Structure formats: C-alpha cells, structure tokens
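A quick write-up on the structure given underneath.
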Amino acid sequence: MEIRHATNPTDFKSYTTESLRHDFLIESLFVQGELKMTYSHYDRVVTGGAIPTSQPLKLEDQDSLKTNYFLERREVGIINIGAEGNVVVDGKSYTLNKRDCLYVGLGNEEVVFESANAENPAKFYLVSTPAHKQYPTKKAPIEDAEPTHLGADSESNKRTIYKYIHADGIQSCQLMMGMTLLEPNNMWNTMPAHLHDRRMEVYLYFDMDENSRVFHFMGQPNETRHLLVKNEQAVLSPPWSIHSGVGTSNYTFIWAMAGENYTFTDMDAVSMDELK
Numbered sequence: 002m003e004i005r006h007a008t009n010p011t012d013f014k015s016y017t018t019e020s021l022r023h024d025f026l027i028e029s030l031f032v033q034g035e036l037k038m039t040y041s042h043y044d045r046v047v048t049g050g051a052i053p054t055s056q057p058l059k060l061e062d063q064d065s066l067k068t069n070y071f072l073e074r075r076e077v078g079i080i081n082i083g084a085e086g087n088v089v090v091d092g093k094s095y096t097l098n099k100r101d102c103l104y105v106g107l108g109n110e111e112v113v114f115e116s117a118n119a120e121n122p123a124k125f126y127l128v129s130t131p132a133h134k135q136y137p138t139k140k141a142p143i144e145d146a147e148p149t150h151l152g153a154d155s156e157s158n159k160r161t162i163y164k165y166i167h168a169d170g171i172q173s174c175q176l177m178m179g180m181t182l183l184e185p186n187n188m189w190n191t192m193p194a195h196l197h198d199r200r201m202e203v204y205l206y207f208d209m210d211e212n213s214r215v216f217h218f219m220g221q222p223n224e225t226r227h228l229l230v231k232n233e234q235a236v237l238s239p240p241w242s243i244h245s246g247v248g249t250s251n252y253t254f255i256w257a258m259a260g261e262n263y264t265f266t267d268m269d270a271v272s273m274d275e276l277k
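As structure tokens, this is what we get:
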C-alpha cells in the first residue's frame with residue numbers, strides 16, 4: 002500500500018510539476034495479476050485497482066491498516082472497467098460486467114476478485130473509506146442506474162452521470178460513487194468548477210486511447226494548477242481544491258467522494274471570474 006500524506010493550500014502554491022504528480026496523481030493502478038492500492042490521508046480514502054488473471058486476488062493489507070481484515074472498520078465501492086469478472090464476498094459471488102458497481106459494507110471478512118477469462122481479464126477499480134455502520138452488500142448494474150443528462154454540444158460538455166452509491170441509491174456510511182460518460186466530440190467536465198470543503202474526491206479517467214490526455218485542473222480557485230493524466234490514472238482531489246478537466250477527446254471518469262457531508266448536491270460554486 003502506497004501512503005500519500007495530506008498537504009495544505011499554502012504549500013501547494015509552490016509545488017513543481019513533479020511535486021504535484023507525486024502527491025496527487027496515481028499513475029499506476031492497474032497491473033496484470035496484481036492488486037495495487039494507495040492510502041490517502043485525505044479522509045483516509047484507499048484507492049485501488051485489481052486485474053486478476055489465472056489466480057484470484059484477495060482484498061487485504063493488514064500491515065498498513067493494522068486490522069484483522071480489510072473491511073473490519075471500512076466499506077468499499079467497486080466498479081469493473083474491464084471484461085466480465087466476479088467479486089466473491091464471504092463466499093457469495095457477484096458477477097460484474099463493464100461499468101457495473103458493487104458496494105461491500107463493514108464487517109465482511111473476505112473479498113476476492115476473479116476474472117471470467119484470464120486472457121481477457123476484468124479490471125476492478127475500488128475506493129474504500131472508514132465506516133461506522135454495516136450496510137448490506139449490493140450490486141448496481143449500469144442499466145439499472147438512473148442517468149442524469151447534462152451539458153450541451155455548444156459548450157463541449159454533453160455528458161451522462163450515473164450515480165451508484167449515494168443517499169438515494171446504494172446506502173453507505175460516507176462513500177459516494179458514480180460515473181460520468183462524455184459524448185463524442187465533448188471534452189469538458191465540471192466547468193464552471195466547484196468546491197466542497199466537507200469532503201475530498203477521487204477521479205479515475207479511463208476509456209481513453211494511448212495518445213489521449215486529460216488536463217485535470219486543481220487548486221484553490223485563484224491558484225489553479227494542472228495535471229496531465231493518461232488512461233486509467235487517478236487524481237486525489239483535496240477538499241480545498243477545484244476538480245475539473247478537459248481532454249484531447251471524449252473520455253469516461255469515475256468519481257468517488259468521502260467526508261463529513263453525505264449530500265450529493267453540497268457544492269460551493271465557483272464563478273468564472275474567480276478562476277485564475
């Protein structure tokens with residue numbers, strides 16, 4: 002488990018490109034046959050990626066968490082961005098196709114990732130947060146998720162938002178998780194930007210070709226910086242930071258939030274005049 006410590010917006014102003022990437026960009030999440038995880042001190046969020054091939058992969062890291070099992074004091078949201086796979090939770094198997102979501106709550110002792118075909122493996126993206134109450138394990142196929150259509154071609158931000166884990170969907174303690182798909186010829190997400198100082202956020206960008214990039218903007222509204230993000234890389238967004246991006250082509254991203262406020266619409270809008 003890689004550990005990322007929190008920083009503050011004052012020090013952030015002096016960061017180099019290398020410093021930004023070291024603290025906020027997760028460059029290598031998905032490796033064949035491995036489970037990779039990053040622990041952030043922003044709301045103690047764990048971000049991970051698993052590609053099981055010929056052997057299953059178990060969700061575990063006792064050395065980092067100092068607990069008997071991974072979900073002893075945590076919950077986790079899992080979205081498959083690859084081929085068909087299974088998540089086995091305490092002996093019960095859940096099949097996830099591409100873009101399906103599974104929530105696994107506090108107290109489940111064993112979570113195992115499997116691919117249906119080792120030659121064409123699943124890619125399980127996971128975000129885990131501390132939890133105080135047990136909620137039931139629940140699957141949400143993408144076809145059952147309620148879409149919200151936003152944006153317009155004229156502003157290059159026509160997109161569809163799918164909310165999986167939230168107050169009106171799959172119940173959780175503090176984790177909120179969903180996915181946004183941009184239509185062809187649309188590149189912008191979340192502009193004008195916003196803040197939510199009550200929770201942090203993680204963005205995973207995917208469904209991009211090898212030469213595509215997303216310019217992810219972050220920082221306080223009057224002190225913005227950018228990260229250049231490749232396919233299947235993730236960005237840790239602090240509570241004090243905007244989080245917005247524009248790509249060289251359309252893309253898909255998974256957003257996950259954790260913190261004090263469980264209200265999806267709790268956002269502090271930032272006007273274009275404030276951005277610098």
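Under the numbering used here, the letters of the sequence shown match residues 2 to 277, in that order.
Beta carbons are placed, not taken as given, at the ideal position from N, Cα and C, and that holds for glycine.
Please read all numbers here as calculations on a predicted model, not as lab measurements.
Contacting residues, own chain, Cβ-Cβ under 8 Å from residue i (five flanking each side not counted)
i: ASN262; result: HIS197, ARG199 and ARG200
i: TYR165; result: GLY78, ILE80, CYS102, TYR104, ALA141, ALA146, ILE171, MET178, GLY179 and MET180
i: ARG226; result: PHE13, TYR16, LEU21, PHE218, MET219 and GLY220
i: ASP269; result: HIS195, LEU196, HIS197 and ASP198
Other residues of its chain near residue i: CB distance less than 6 Å, five sequence neighbours each side excluded
i: THR161; result: PRO148, HIS150 and LEU182
i: HIS42; result: HIS6 and ALA7
i: THR249; result: SER213 and ARG214
i: ASN87; result: SER94, THR96 and GLU115
i: PRO185; result: ASN251
i: VAL247; result: MET188, TRP189 and PHE216
i: ASN98; result: GLU85
i: MET209; result: ASN232 and TYR252
i: LEU127; result: GLY49, VAL77 and ILE79
i: THR264; result: none
8 Å Cβ cutoff met for residue i and residue j
i: GLY170; j: ALA132; result: no
i: LYS37; j: VAL113; result: no
i: ASN121; j: MET188; result: no
i: GLY220; j: PHE13; result: yes
i: HIS195; j: VAL271; result: yes
i: GLY78; j: MET178; result: yes
i: TYR204; j: ALA153; result: no
i: PRO193; j: MET258; result: no
i: LEU107; j: LYS124; result: no
Selection from the options that minimises the alpha carbon distance to residue i
i: GLU85; options: ILE27, ARG100 and MET273; result: ARG100
i: LEU21; options: PHE218, PHE265 and ASP91; result: PHE218
i: THR191; options: TYR126, ALA119, THR253 and GLN63; result: THR253
i: TYR136; options: ASP24, LEU228, VAL89 and ARG75; result: ARG75
i: LYS277; options: ILE243, GLU144 and GLY248; result: ILE243
i: ILE143; options: GLN63, MET180, ASP62 and THR264; result: MET180
i: ALA146; options: CYS102, GLU233 and PRO193; result: CYS102
i: SER65; options: THR39, GLN56 and LEU205; result: THR39
i: GLN172; options: VAL236, TYR104 and ASP269; result: TYR104
i: THR17; options: GLU275, LEU228 and VAL247; result: LEU228
i: ILE4; options: ASP24, SER15 and LYS231; result: ASP24
i: ASP62; options: SER129, ILE82, PHE265 and VAL89; result: SER129
i: VAL46; options: LEU237, SER157, GLN56 and PHE207; result: LEU237
i: ASN158; options: GLN56, THR264 and SER245; result: SER245
i: PRO57; options: MET258, THR264, VAL89 and ILE82; result: VAL89
i: GLY83; options: PHE207, LYS67 and GLU73; result: PHE207
i: LEU26; options: THR264, PHE265 and VAL230; result: VAL230
7 Å CB neighbourhood of residue i in its chain, flanking five on each side removed
i: ASP267; result: HIS197 and ARG199
i: ASP91; result: ASN109, GLU110 and GLU111
i: THR54; result: GLN33, GLY34, SER116, ALA119 and PRO122
i: GLY260; result: ASP44, GLN175, ARG199, ARG200, MET201 and PRO240
i: TYR163; result: ILE143, ALA146, PRO148, GLY179 and MET180
i: LYS139; result: TYR104 and ILE171
i: THR68; result: ARG74
Contact belief for residue i with residue j at Cβ below 8 Å, rounded distance in angstroms
i: TRP256; j: PRO10; result: Rounded, the Cβ-Cβ distance is 21 Å, inconsistent with contact.
i: GLU275; j: ASN223; result: 7 Å
Practice problem: May I ask you to verify whether the segment 47-54 touches the segment 23-37, counting CB pairs closer than 8 Å and requiring at least 3? | Solution: Touching, yes.
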